[in-house]
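Report on one structure; see the data block that follows.
Numbering (my numbering), first residue to last: 815 to 1259.
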């Protein structure tokens, strides 16, 4: 074969090789990365590198037989995606029609007959499949099933696929030819679970329905519906709002990239629309609880305090337009009126007089949190915190160092007694000495 492409960024390169395998398992690039599955790959030692992705793989007669899709960094192995499903998609695109894609939220893998016998495959079934498909060396086995998917509680890892709609199958192509053509309808899978055979009825789900086609920009961050790819990598249900980029607002609340937002202000957010509805009702500057978890630590939910930001960044949504090939943006209306802070009282702990003079100044100490929306003027981090000393309680003047507040662009919050949070404003950044003065409304305390 020949791989005609732009290997290593060259204008044109032609790499040669010999197909060694036609049934290579799709390479695994690690959890959280894009990984192909439910397909065979072709393999050859052609040594392709960056720049050749998507290049056609030509046979000796000049016919395209695959597309270059990956390779090993420490070897010459290259991996190619077969064209059977690509040709089908191309036909729909040429007709100007959407490409139907179905899914069972189930990953299959190909196992040899020797492995299948260990899983309990009956000798009569093996003999029948060998006679019907003499060139095949194995069958498909269920590798994993996502929770709350079409096959949840119906298929189990280790189930051996025998037939689809009473038609025997041994490979991925006939299986997903049936699945892709049956979106929204039922299909019947015949599987062997140990020595027993079962007929399982499944409803084919629309793959496009669990593939994100919209995202929301809020507070400098980006969120979208949790994708099938990421959910599959961690064995999670395809549900929830995924933080693709934390940005200013979410990052200041500790909701980092890779988090799944469960609820905002005690309002569940199972979908992107629910997230938008919850955010639209929150005024700028308010503080609300947000419940979330890291996708890699789904068993540990966290609750953080989120300072809603609608003044530094716009709140808008982007929807993919398959006809034009670009994103259509929609900007949401301004937030509700900013609520006024009400005066509150907090209790400060007593300090032992033996710790003098700390007992004299302890009640004048507060905590300052400073959140930067843009990394300007040499700023290295978007969030800083440190102590502050109240200089004048009547005027609300607080002294802090410039390591805590070092530029004028940002949001300042002061915490008194470890519980009462009030907004602050910057009054002075001394150009020579390492201190800053911020102020707050003393009527709030």
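The C-beta atom is built at its ideal place from N, Cα and C for all residues, glycine as well.
Given a length threshold of 3 residues, each whole run of the beta strand (DSSP E) inside the segment 1103-1155 is given here in chain order: 1116-1121, 1130-1135, 1140-1145. With a cutoff of 7 Å on beta-carbon distance, residue 1017 and residue 1000 are scored as near each other. Distance from residue 1050 to residue 1112 at the Cβ level is roughly 6 Å; contact confirmed, criterion being Cβ atoms closer than 8 Å. With 16 or more neighbouring CB atoms inside 10 Å of its own CB, residue 916 falls in the buried class.
Assigned with DSSP and collapsed to three states, residue 834 falls in strand.
In the DSSP annotation of this structure, the continuous segment of the alpha helix (DSSP H) that includes residue 1090 starts and ends at 1086-1094.
With the rule of 3 Cβ pairs closer than 8 Å, the segment 1208-1221 does not count as touching the segment 1136-1150. Cβ neighbours of residue 1063 within its own chain (closer than 6 Å, five residues either side excluded): 1033, 1123.
Counting C-beta pairs closer than 8 Å gives three or more between the segment 1072-1083 and the segment 1102-1118, which meets the contact rule.
DSSP links residue 1212 through a beta bridge to 1204, 1252.
Residue pairing from DSSP places residue 1227 in a beta bridge opposite 1183, 1237. At least 7 Å separates the beta-carbon of residue 1221 from that of residue 1202. Boundaries for residue 888: no alpha helix (DSSP H) harbours it, and the DSSP string shows neither H nor E there.
The C-beta distance from residue 989 to residue 954 rounds to 7 Å, short enough to meet the 8 Å contact threshold. Per the coordinates, the alpha-carbon of residue 1172 lies some 59 Å from the alpha-carbon of residue 842. In this chain, the beta strand (DSSP E) harbouring residue 1007 covers 1000-1007.
Taking 7 Å as the cut-off, the beta carbon of residue 978 is found closer than this to the beta carbon of residue 1003.
In the three-state DSSP reduction, residue 1013 falls in the strand class (E or B).
Per DSSP, the beta bridge partners of residue 1020 are 916. Non-local C-beta neighbours of residue 1102 in its own chain, meaning closer than 7 Å and more than five positions away in sequence, comprise 1078, 1079, 1096, 1120, 1122, ordered along the chain. Between the segment 875-894 and the segment 850-861, the count of Cβ pairs shorter than 8 Å is three or higher; the stretches touch. Inter-segment contact for the segment 967-975 and the segment 1053-1070 is absent: fewer than three beta-carbon pairs are separated by less than 8 Å. Taking a 10 Å sphere around the C-beta of residue 1223, we find fewer than 16 other C-beta atoms and assign the residue as exposed.
Counting along the chain, no beta strand (DSSP E) covers residue 1051, and no H or E run does either. Annotation note: the segment 913-989 contains the following uninterrupted alpha helix (DSSP H) runs of length 4 or greater, listed N- to C-terminal: 927-932, 937-946.
Following the DSSP letters along the chain, one finds residue 1035 in no alpha helix (DSSP H) but inside the beta strand (DSSP E) bounded by residues 1035-1039.
If you ignore the 5 residues before and after residue 827, its C-beta comes within less than 7 Å of the C-beta of 819, 820, 821, all in its own chain and listed in chain order.
Residue 907 carries a helical assignment under DSSP once its states are collapsed to helix, strand and coil. The alpha-carbon of residue 1083 is positioned some 9 Å away from that of residue 1091. In the DSSP secondary-structure assignment, residue 820 is not bridged to any residue. Taking residue 900 as reference, the option from 1241, 886, 878 with the minimal CA-CA separation is 878. Contact between residue 1236 and residue 1213 does not hold, since the beta-carbon distance rounds to 16 Å and is not under 8 Å. Between residue 950 and residue 992 a beta carbon distance of about 17 Å is seen, past the 8 Å cut, so the two are scored as non-contacting. Following the DSSP letters along the chain, one finds residue 1066 inside the alpha helix (DSSP H) bounded by residues 1061-1066. In the structure shown, residue 894 falls within a strand segment according to DSSP collapsed to helix, strand and coil.
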